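The structure appears right after this line, and notes come after that.
Number of protein chains: 2
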Amino acid sequence: MTEPLRLGIAGLGTVGAGVVRIVQTHAAMLEARGGRPVTISAVCARSRNRDRGVDLSGYDWEDDPVALARREDVDVLIELMGGEDGPAKACVEAALETGKHVVTANKAMLAHHGQAMAEQAEAAGRALKFEAAVAGGIPIVKALGEGLAANGIERLMGVMNGTCNYILTEMEATEAPYETVLEDAQRLGYAEADPTFDVGGIDAAHKLALLAAIAYGTRVDFPGVQTEGIDRISLTDIHQARDMGFRIKLLGVAKMTPLGLEQRMTPCLVPAGSSIGLLAGVTNAVVVEGDFVGQTVFQGPGAGQGPTASAVMADVLDISRGQVGTTFGVPATRLAAAPRASDAGAAAYYLRMSLQDAPGTLAKVTAALGEEGVSIRQMRQYDHEGGAAPVIFVTHPAERASLDGALGRLGAMEECIDAPMALRVEIL
Amino acid sequence: MTEPLRLGIAGLGTVGAGVVRIVQTHAAMLEARGGRPVTISAVCARSRNRDRGVDLSGYDWEDDPVALARREDVDVLIELMGGEDGPAKACVEAALETGKHVVTANKAMLAHHGQAMAEQAEAAGRALKFEAAVAGGIPIVKALGEGLAANGIERLMGVMNGTCNYILTEMEATEAPYETVLEDAQRLGYAEADPTFDVGGIDAAHKLALLAAIAYGTRVDFPGVQTEGIDRISLTDIHQARDMGFRIKLLGVAKMTPLGLEQRMTPCLVPAGSSIGLLAGVTNAVVVEGDFVGQTVFQGPGAGQGPTASAVMADVLDISRGQVGTTFGVPATRLAAAPRASDAGAAAYYLRMSLQDAPGTLAKVTAALGEEGVSIRQMRQYDHEGGAAPVIFVTHPAERASLDGALGRLGAMEECIDAPMALRVEIL
Numbered sequence: 001m002t003e004p005l006r007l008g009i010a011g012l013g014t015v016g017a018g019v020v021r022i023v024q025t026h027a028a029m030l031e032a033r034g035g036r037p038v039t040i041s042a043v044c045a046r047s048r049n050r051d052r053g054v055d056l057s058g059y060d061w062e063d064d065p066v067a068l069a070r071r072e073d074v075d076v077l078i079e080l081m082g083g084e085d086g087p088a089k090a091c092v093e094a095a096l097e098t099g100k101h102v103v104t105a106n107k108a109m110l111a112h113h114g115q116a117m118a119e120q121a122e123a124a125g126r127a128l129k130f131e132a133a134v135a136g137g138i139p140i141v142k143a144l145g146e147g148l149a150a151n152g153i154e155r156l157m158g159v160m161n162g163t164c165n166y167i168l169t170e171m172e173a174t175e176a177p178y179e180t181v182l183e184d185a186q187r188l189g190y191a192e193a194d195p196t197f198d199v200g201g202i203d204a205a206h207k208l209a210l211l212a213a214i215a216y217g218t219r220v221d222f223p224g225v226q227t228e229g230i231d232r233i234s235l236t237d238i239h240q241a242r243d244m245g246f247r248i249k250l251l252g253v254a255k256m257t258p259l260g261l262e263q264r265m266t267p268c269l270v271p272a273g274s275s276i277g278l279l280a281g282v283t284n285a286v287v288v289e290g291d292f293v294g295q296t297v298f299q300g301p302g303a304g305q306g307p308t309a310s311a312v313m314a315d316v317l318d319i320s321r322g323q324v325g326t327t328f329g330v331p332a333t334r335l336a337a338a339p340r341a342s343d344a345g346a347a348a349y350y351l352r353m354s355l356q357d358a359p360g361t362l363a364k365v366t367a368a369l370g371e372e373g374v375s376i377r378q379m380r381q382y383d384h385e386g387g388a389a390p391v392i393f394v395t396h397p398a399e400r401a402s403l404d405g406a407l408g409r410l411g412a413m414e415e416c417i418d419a420p421m422a423l424r425v426e427i428l
Numbered sequence: 001m002t003e004p005l006r007l008g009i010a011g012l013g014t015v016g017a018g019v020v021r022i023v024q025t026h027a028a029m030l031e032a033r034g035g036r037p038v039t040i041s042a043v044c045a046r047s048r049n050r051d052r053g054v055d056l057s058g059y060d061w062e063d064d065p066v067a068l069a070r071r072e073d074v075d076v077l078i079e080l081m082g083g084e085d086g087p088a089k090a091c092v093e094a095a096l097e098t099g100k101h102v103v104t105a106n107k108a109m110l111a112h113h114g115q116a117m118a119e120q121a122e123a124a125g126r127a128l129k130f131e132a133a134v135a136g137g138i139p140i141v142k143a144l145g146e147g148l149a150a151n152g153i154e155r156l157m158g159v160m161n162g163t164c165n166y167i168l169t170e171m172e173a174t175e176a177p178y179e180t181v182l183e184d185a186q187r188l189g190y191a192e193a194d195p196t197f198d199v200g201g202i203d204a205a206h207k208l209a210l211l212a213a214i215a216y217g218t219r220v221d222f223p224g225v226q227t228e229g230i231d232r233i234s235l236t237d238i239h240q241a242r243d244m245g246f247r248i249k250l251l252g253v254a255k256m257t258p259l260g261l262e263q264r265m266t267p268c269l270v271p272a273g274s275s276i277g278l279l280a281g282v283t284n285a286v287v288v289e290g291d292f293v294g295q296t297v298f299q300g301p302g303a304g305q306g307p308t309a310s311a312v313m314a315d316v317l318d319i320s321r322g323q324v325g326t327t328f329g330v331p332a333t334r335l336a337a338a339p340r341a342s343d344a345g346a347a348a349y350y351l352r353m354s355l356q357d358a359p360g361t362l363a364k365v366t367a368a369l370g371e372e373g374v375s376i377r378q379m380r381q382y383d384h385e386g387g388a389a390p391v392i393f394v395t396h397p398a399e400r401a402s403l404d405g406a407l408g409r410l411g412a413m414e415e416c417i418d419a420p421m422a423l424r425v426e427i428l
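So the sequences go chain by chain: A and B. Letter by letter, the first sequence follows residues 1 to 428 in the UniProt record's numbering. Letter by letter, the second sequence follows residues 1 to 428 in the UniProt record's numbering.
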């Protein structure tokens, strides 16, 4: 029998328990598909006595993740503790130092330290793999880095935060405002007690930065992601978007432009009938557009025990087969530092504003838009009470500079009651 | 510089020219992503003088694909000639005999000879890869064999023939009957002059048999695929299905049941709003349901120069990185010969029949269904001219044996003008 591949699991939350469950459930299958048995040598978590629904009695227990990482009977460290620094980083570094392979679901850590860690792993000839860090069970890291690797990537898009997509879908379905739906999501366990990372777009931006590195052969540039959360999205926006044939999604877009790499994780309008527009609930989807393949769409559960553990174990099987590869698809030392571009190229925008209900207001607003070079495609003024009329525009494609010029002028008008809100329209 | 990976391309149709185009367009990227340069040593096709829109002057020409396969300066034979036997088979066997890796888009050849060829390749430690043979540009072979490899697969489904999906979509959109749309598709180049392989479901059944082997670790069993074409589907069926919230698709389903492996490539009703129901035109989609990951959906262009060449080159890059692997995800000698099961388990069915417009007919029909254990969920009788009333049923889930019993009795009734037609309803 071939030597087994021996795992050390750091972190026994829902995903860690899922990994244990797969190893126990599918031992024969993993051996057949990976070419050698997969075993667990030791596990590590904060509390030893919690019932995790899996039998851990066959494995050694470590209190210290760094000690786990350094064990001689561990070939692969599976890091599932989370957190961009602290014990997660320490144990990954210890594992790489001592010649272990690493599999992690930790997008925050890789978004910040991925470059250094990838260089360390590749210098040691070891794997650093992170399928589980992006879009849960969807094997998108592999699809992008291997399955579509013969393409120049023209655009990469994704809905990669289930919490946000659940909230936006529920707002449309139940007519409840953002705050109410967020509270429901927290009660249901779809959102954290502190939801900032999710609803602020930061979690999704981490993921986008990792995928962009693979897509474009560039260094992970998380600070370069223009990030905006969904908390400004009102029921009005959702209704108006729908009336005009769109849906609002927290959409990640990465694109190499003549000016540099554009990375955005912002609420966008997308065609309601497109694959992204139709995406409901906590499901994730990633759209990859390649110069030879055209448009491909990958859809599946973006989180949860089973899906995330499935992705972790796919990485383990790669290692089992000897597919060490590179972390981001090309050697880390060859990743380029791309200049940052933002909103390069023209796009249509959705504008929501609240205007004084007085003669001549609309004329003044539309004149300002026109003078700044922003041409109107659709306009709706809604019935209202009081002196403020909600007005929605969807523009023809305009340069961001023109739009910003127009927004500045509109914001300065006394007829404009609140600062106008703009969302980009992304056409799939 | 590392030694280049040298290709020999047998077949210079649209896909072969696409492969040449990728090698020429993306030389630097292929080297970065594959770890070594990719070059073309020689090419081979039937006619040397045809203009293929690519510059072949830098490559040797071979008239004989077997000679190409045996060349010492070829590391990977790319077989793009097609045909289950003949020159395609001969040159693949010659390549494997002489220690070459093989990449092919030839589903017919692998559906018939995949087992023997995989054993030959694996015995020699060489790759036999076929990402391009299934679902064009969608990296589904890799997703199933690697990305989702830690899952027991519960069900595999797919729309894997663009021609059929185009015809069914166009029938719904244009209200034109099957024959007219097929002629249009032939004029547009979406269907072959002899469309039997496509509309008869054979091409798609080849693909399903290959994916099922990966999903279930079983030997490719193409003759075991229950195959039915789309030529019996009428506009009436499409309308009635739509009225009841379904769409008709040529759907492949593979499933391991307690009785054995069930493989079907038949027209089915699927929920209109499901990912498969929404699939329009020549796009392909594959749905994989795993015991840990849940439901994942892979969608993209199922044919054409760019997408198919993209898949071929993904396999070449795997080989370039040393990822030889196994053809069907586990060693070919370990693939099990699964018993065949058909229509295991209960399913809802759509029944179309034409009944004599006479008192008591419907009572007799519904009584027969009930007595055979087939319970009715939806029933519609449509307005008609003449003495024949079109009647549609959608049943509650019923065993196939019960349904066949009912169909037998209905077919024997004089009130039943034509033999009733049954289509399975597949719920996603």
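For glycine and all other residues, C-beta sits at the position ideal for the given N, C-alpha and C. Source: prediction; values computed, not measured.
Where does residue i fall in DSSP's three states?
i                     : result
Q323 (chain A)        : coil
K129 (chain A)        : strand
L144 (chain B)        : helix
L279 (chain A)        : coil
V374 (chain A)        : coil
D64 (chain B)         : coil
F393 (chain A)        : strand
S402 (chain A)        : helix
G290 (chain A)        : strand
residue 495 (chain B) : Nothing about residue 495 (chain B) can be read from this structure; chain B reaches only from 1 to 428.
G201 (chain B)        : coil
Y350 (chain B)        : strand
What's the gap between the Cα of residue i and the Cα of residue j?
i              : j              : result
P359 (chain A) : L168 (chain A) : 35 angstroms
R400 (chain A) : V15 (chain A)  : 42 angstroms
E192 (chain A) : Q186 (chain A) : 6 angstroms
V374 (chain A) : M81 (chain B)  : 53 angstroms
D55 (chain B)  : I9 (chain B)   : 14 angstroms
I32 (chain B)  : P307 (chain B) : In the sequence on display, residue 32 (chain B) carries Ala and not Ile. Computed Cα separation, rounded: 21 angstroms.
R71 (chain B)  : D85 (chain B)  : 21 angstroms
A111 (chain A) : N284 (chain A) : 19 angstroms
V253 (chain B) : R155 (chain B) : 7 angstroms
R126 (chain B) : V297 (chain B) : 30 angstroms
Around the C-beta of residue i, are 16 or more other C-beta atoms found within 10 angstroms, so that it is buried, or is it exposed?
i              : result
A337 (chain B) : exposed
Y350 (chain B) : buried
N49 (chain A)  : exposed
L144 (chain A) : buried
S57 (chain A)  : exposed
I427 (chain A) : exposed
Just to make sure I have the definition right: I need the residues of chain A whose C-beta is within less than 9 angstroms of the C-beta of residue i. Which are they?
i              : result
K142 (chain B) : P139, K142, A143, E146, G147
M160 (chain B) : Those within 9 angstroms of M160 (chain B) in chain A number zero; the least Cβ separation is about 15 angstroms.
Given that residue i touches chain A, what residues does it touch there, using C-beta distances under 7 angstroms?
i                     : result
Q226 (chain B)        : Under the 7 angstroms cutoff, chain A gives no residues; its nearest Cβ is about 26 angstroms from Q226 (chain B).
Q323 (chain B)        : Q323
M313 (chain B)        : A150
residue 439 (chain B) : Chain B is shown only over 1 to 428; residue 439 (chain B) falls outside these bounds and no answer can be derived.
Going along chain B, which residues have a C-beta under 9 angstroms from residue i?
i              : result
G245 (chain A) : Simply none; closest approach about 16 angstroms.
Are the C-beta of residue i and some C-beta of chain D separated by less than 9 angstroms?
i             : result
T25 (chain B) : The structure shown contains no chain D; its protein chains are A and B.
Which chain B residues sit within Cβ distance under 8 angstroms of residue i?
i                     : result
residue 435 (chain A) : Outside the displayed span of chain A (1 to 428) sits residue 435 (chain A), for which this structure offers no information.
P301 (chain A)        : V293, G294, Q295, T296
V330 (chain A)        : A32, R33
L317 (chain A)        : E146, A149, A150
Residues of chain A with CB under 8 angstroms from residue i, in chain order?
i              : result
P307 (chain B) : F292, V293, G294
In chain B, which residues lie with their C-beta within 7 angstroms of the C-beta of residue i?
i             : result
I22 (chain A) : A150, F292
Within 9 angstroms of chain B by C-beta, residues of the segment 67 to 90 of chain A in sequence order
none
Taking only beta carbons into account, state which residues of the segment 114 to 140 of chain A come closer than 9 angstroms to chain B, listed in chain order.
E131, G136, G137, I138, P139, I140
Between the UniProt domain "ACT" (350 to 428) of chain A and chain B, which residues of the former have a C-beta closer than 7 angstroms to a C-beta of the latter?
none
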